[in-house]
Amino acid sequence: MNAPTSDDPALFFDCHVFVCTNVRPPGHERGSCARKNAVELRDYMKDKAKALGLKGVRINSAGCLDRCELGPDMVIYPEGVWYHYDTKEDIDEILIEHLQKGGRVPRLMLDPNTTPSKPAK
Ligand code: FES
27 MNAPTSDDPA LFFDCHVFVC TNVRPPGHER GSCARKNAVE LRDYMKDKAK
77 ALGLKGVRIN SAGCLDRCEL GPDMVIYPEG VWYHYDTKED IDEILIEHLQ
127 KGGRVPRLML DPNTTPSKPA K
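All residue numbers for the sequence shown refer to the working numbering, where the first residue is 27 and numbers rise by one.
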């Protein structure tokens with residue numbers, strides 16, 4: 027993996043959040059985040075980030091992030107931290123603890139070895 031270098035330009039956003047909102051047909055073997063309330067919760071996250079006055083944070087919809095069975099999920103860069111979430115309370119915790127305070131929400135984090143048989147919470 028390429029590490030940042032001193033020649034790289036400054037970050038345009040301090041944090042860039044990619045929220046999977048991919049939708050697949052009902053009954054698809056991998057499921058999809060949009061069928062697990064991802065669109066409504068993405069909208070909630072954007073509105074709440076504005077209400078909190080978060081600066082330098084961009085929240086974008088993303089296509090499939092290829093961790094469908096663990097969804098709904100999101101990934102935050104530049105840290106590359108993945109989260110699973112289910113509720114508005116989960117979103118609030120990610121916004122406040124990670125994006126506002128610079129911390130983490132361990133109970134919702136997905137590590138590279140998290141599999142569908144080992145849910146995050
Ligand atoms: S459908 Fe969301 S990660 Fe694939």
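From the three backbone atoms N, C-alpha and C, an ideal C-beta is built for every residue, glycine too.
Q) Say the cut is 7 Å; is the CB of Cys41 nearer than that to a heavy atom of the ligand FES? A) At a threshold of 7 Å, Cys41 does not count as near the ligand FES, since its beta carbon sits no closer than that to any of the ligand's heavy atoms.
Q: Note down the Cα distance separating Glu119 from Val131, rounded to an integer number of angstroms.
A: Approximately 7 Å between the Cα atoms of the pair.
(Q) Using 8 Å as the threshold, is the C-beta distance between Leu78 and Leu121 below it? (A) A distance below 8 Å separates the beta carbons of Leu78 and Leu121.
Q: Taking 8 Å as the cut-off, decide whether the C-beta atoms of Cys41 and Ala88 are in contact.
A: Contact flag unset, no.
Q: Report buried or exposed for Ala60, applying the criterion of at least 16 other Cβ atoms within 10 angstroms of its Cβ.
A: Ala60 comes out buried.
Q. Is the closest heavy atom of the ligand FES to the C-beta of Ser58 under 7 Å?
A. Ser58: yes, Cβ under 7 Å from the ligand FES.
Q) Would Pro98 be called buried (16 or more neighbouring beta carbons within 10 Å of its own) or exposed? A) Answer is buried; the Cβ neighbour count reaches 16.
Q. With a CB to CB cut of under 8 Å and the five nearest residues on each side skipped, what residues in its chain are close to Pro145?
A. Its pLDDT being 45, under 50, Pro145 is placed unreliably in this model, and the coordinates cannot settle the point.
(Q) Within a Cβ cutoff of 6 Å, which residues of the same chain sit near Lys147, ignoring the five residues on either side of it in sequence? (A) In this predicted model, Lys147 has a pLDDT of only 42, less than 50, meaning its place in the structure is not dependable; the value taken from the coordinates is given anyway. Within the same chain, Lys147 has close Cβ partners Arg133.
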